[in-house]
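What follows is a single structure, written as structure tokens, with notes after it.
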Amino acid sequence: MPAPAAATAGDILVRDLVEGWLVDAGHEVDVANLPPFPGGVDWRAVDPASYDHVVFVCGPFSRYGKTGQLVRRFAGARFVALDVSMREPVSRWNPCTLLFERDSDEAVRPDLALLTTQPLVPVVGICLVEHQEGPRSMHAAAEAAISRLTQGREMSVVSIDTRLDQPGGVLRTPAEVESLIARVDVLLTTRLHGMVLALKNGVPVVVVDPIAGGDKVLAQAKVLGWPRPFVADALHDRELEEALSWCLTDEGRREAAACIEALAGSLSELRGMIVTDLARSRRELGRS
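Residues 0 to 287, numbered by numbering that gives the first Met the number 0, are exactly what the sequence shown covers, in order.
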């Protein structure tokens, strides 16, 4: 059962779906993958006479390129094509004993990826501060620890940069940055405003101060009441993994929301204090 070499996530989902159908029905199945996908058999090396059916799953289907080579190599087998896009009229070219196309000049069907069930994984944002010079700077160590953390489990990683002065940046406004941070399940960050904007929106953070001994990021985590800040010169992978797991729990989300709720009163008072002090200063200068 070959699947296309240039495979999308949808292609792989449909490949696995159809393989399950065939195995459940009692058929012996070999899956033919091409690099970079591991496992299975190489359809270019196996004996074509060993197969009575070839099932091609998902993708464009034509007499040219690799699909054409596949059809010619297994000319003695019955050919089945599922969820394919026929590149020319079926009346002109159709080598299939069975054709259930996704689209052709004769039919259009819903894509078979709709029948798949896939467990959803966490969406994790990464927001890193640019490296700063100084004897206590440990940005590289902090980033390496965060990189190892993302490799330890399956997750959808989204890179988020809070800087808006970079030419060609994908995020152009504060609203765009904050909206993206607000939609991840957890944020991994070495940046102060990454942590602040995450907690503001009730998103738990694994925050690492990239300065040895801790600096402004650690100080801000403490004043916000976030219970699990880290510093770059005292990082342990196991502790980071435990923190990430906790952030992905309901308790972690509640704690993130509680940080800002606890500060609501003092933050609202701050505006009045600033306005009052500024007015007093202007009066001292003799200005209204």
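Using N, Cα and C, we set each Cβ at its ideal position, and we do this for glycine too.
Look at residue i and residue j and say whether their C-beta atoms are less than 8 Å apart.
| i | j | result |
| --- | --- | --- |
| valine 157 | valine 122 | yes |
| valine 185 | valine 207 | no |
| leucine 148 | leucine 239 | yes |
| alanine 76 | aspartate 51 | yes |
| cysteine 126 | glycine 193 | yes |
| glycine 19 | valine 30 | no |
| arginine 62 | tryptophan 92 | yes |
Residues in its own chain within less than 6 Å of residue i by CB, not counting five upstream and five downstream?
| i | result |
| --- | --- |
| proline 228 | Val206, Leu217, Ala220 |
| leucine 234 | Ala144 |
| cysteine 57 | Asp10, Val13, Asp82 |
| methionine 154 | Val120, Pro121, Val123 |
| leucine 196 | Glu177, Ile180 |
State the CB to CB distance for the pair residue i and residue j, rounded to an integer number of angstroms; the pair is presumed to be in contact (CB under 8 Å).
| i | j | result |
| --- | --- | --- |
| leucine 111 | leucine 16 | 6 Å |
| arginine 190 | valine 128 | 4 Å |
| proline 226 | glutamate 254 | 7 Å |
| phenylalanine 60 | threonine 66 | 5 Å |
Using the beta-carbon count (16 or more within 10 Å), is residue i buried or exposed?
| i | result |
| --- | --- |
| valine 107 | exposed |
| leucine 114 | exposed |
| proline 88 | exposed |
| arginine 14 | buried |
| glycine 213 | buried |
| alanine 242 | buried |
| proline 35 | exposed |
| leucine 187 | buried |
| leucine 69 | buried |
| leucine 277 | exposed |
| glutamate 250 | exposed |
Kindly list the residues whose CB is nearer than 7 Å to the CB of residue i, restricted to its own chain and excluding five residues on each side of it in sequence; keep chain order.
| i | result |
| --- | --- |
| glutamate 105 | Val89 |
| lysine 199 | Ile259 |
| cysteine 95 | Phe78, Val79, Ala80 |
| valine 28 | Met0, Glu18, Leu21, Val22 |
| aspartate 232 | Met137, Ala211, Gly212 |
| glutamate 283 | none |
Here's a check: name, in chain order, each residue in its chain whose Cβ is nearer than 8 Å to the Cβ of residue i, leaving out the five neighbours to either side.
| i | result |
| --- | --- |
| valine 230 | Val207, Asp208, Ile210, Ala211, Gly212, Gly213, Leu217 |
| glycine 224 | Ala257, Cys258, Ala261, Leu262 |
Under 7 Å: does the beta carbon of residue i sit that close to some heavy atom of the ligand COA?
| i | result |
| --- | --- |
| glycine 167 | As far as ligands go, the structure on display features none, and thus does not contain the ligand COA. |
Meets three-Cβ-pair contact criterion under 8 Å: the region 273–283 and the region 205–224: no
Stretch-stretch touch, CB-based, cutoff 8 Å, three pairs: the region 96–106 with the region 68–82: yes
Touching by the beta-carbon criterion (3+ pairs, under 8 Å), the region 130–139 and the region 166–183: no
Inter-stretch contact (C-beta, 8 Å, three-pair minimum) for the region 261–271 and the region 173–188: no
Contact the region 255–263 vs the region 135–145: 3+ CB pairs below 8 Å: no
The region 37–48 contacting the region 18–25, beta-carbon criterion three pairs below 8 Å: no
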